[in-house]
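Undergrad: Before I ask anything, let me first share the structure, which is written out below as structure tokens.
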Amino acid sequence: MTRKLLILLFFLVTFLAKSQSLEWKTDMVDAITLSNEERKPLLILFTAANAPENLQNEVFKTLDFEKWSRRNVILVKLDLSDTGISSEVREQNIKLKNAFGVAGLPEVCYAKGSIGNGKTAFSLLGRLPYSSNGVKAFITDSNLILNPE
């Protein structure tokens, strides 16, 4: 009996750990390269250490979002308060935030990117600020941005 319980517990822990394993890119060049290879737009999360975690908890940490994001987007997290990045990268991230018109944090932008002749260019598809409507509404709103038919 104990052995069966331990086996069940092992599988549950493994499943839960796997279900929360989103891969967020932090390097924009790598993200654009992957985006173009997989032909998926970028979901860019602009955030900072002092930003509310509601979006993380209510949307990004759900199984529904994990399934949707794996099929539809390349995830990019730009933490504007990250002290582990160079001042040049931080400045580029802030310029990108301003260019996309992001006012409050956290906020999500959908974009396509390209790199040519050493220059990076973006095409903003849409922005999605935090809303307390939950993951299903977030996915619906995201699909409207990504598929504006």
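Just so we're aligned, residue 23 is where the sequence shown starts under this note's numbering, counting upward by one.
Using N, Cα and C, we set each Cβ at its ideal position, and we do this for glycine too.
1) Can you confirm whether the stretch 142-160 touches the stretch 116-124 when touching is taken to mean that 3 or more C-beta pairs between the two stretches lie within less than 8 Å?
2) Exposed or buried, which one is Ala73 when buried takes at least 16 other CB atoms within 10 Å?
3) Could you give the distance in angstroms between the alpha-carbon of Asn155 and the alpha-carbon of Val81?
4) For Ile96 and Asp52, what's the separation of their Cα atoms in angstroms?
5) According to DSSP, is Phe122 helix, strand or coil?
6) So, with DSSP's three-state summary, where would you put Thr48?
7) Taking buried to mean at least 16 other C-beta atoms within 10 Å of its own C-beta, is Ser108 buried or exposed?
8) From the DSSP secondary-structure annotation, give me the bridge partner or partners of Ser136.
9) Quick check: what's the CA-CA separation for Leu38 versus Asn139?
10) Quick one, which of Leu100, Lys117, Leu64 and Leu77 has its alpha-carbon nearest Arg92's?
11) Expressed to the nearest angstrom, what Euclidean distance is found between the alpha-carbon atoms of Ile171 and Asn165?
12) If you draw a straight line from the C-alpha of Glu75 to the C-alpha of Glu129, how long is it?
13) Is the beta carbon of Lys83 sitting closer than 9 Å to the one on Lys47?
TA: Working from what's here:
1) yes
2) buried
3) 9 Å
4) 10 Å
5) DSSP places Phe122 in the coil class of the three-state scheme, outside both helix and strand.
6) Residue state, collapsed to three classes: coil.
7) Residue environment analysis places Ser108 among the exposed positions, since fewer than 16 neighbouring C-beta atoms fall within 10 angstroms of its C-beta.
8) Ala143
9) Reliability fails at Leu38, whose pLDDT of 49 lies under 50, so the model's placement of it is uncertain and the value that follows must be treated cautiously. C-alpha separation (whole angstroms): 43 Å.
10) Leu64
11) Checking the sequence, you will find Glu at residue 171 rather than Ile. Each residue's Cα considered, the two are about 10 Å apart.
12) One Cα belongs to Glu75, the other to Glu129, and the distance between them is close to 11 Å.
13) no
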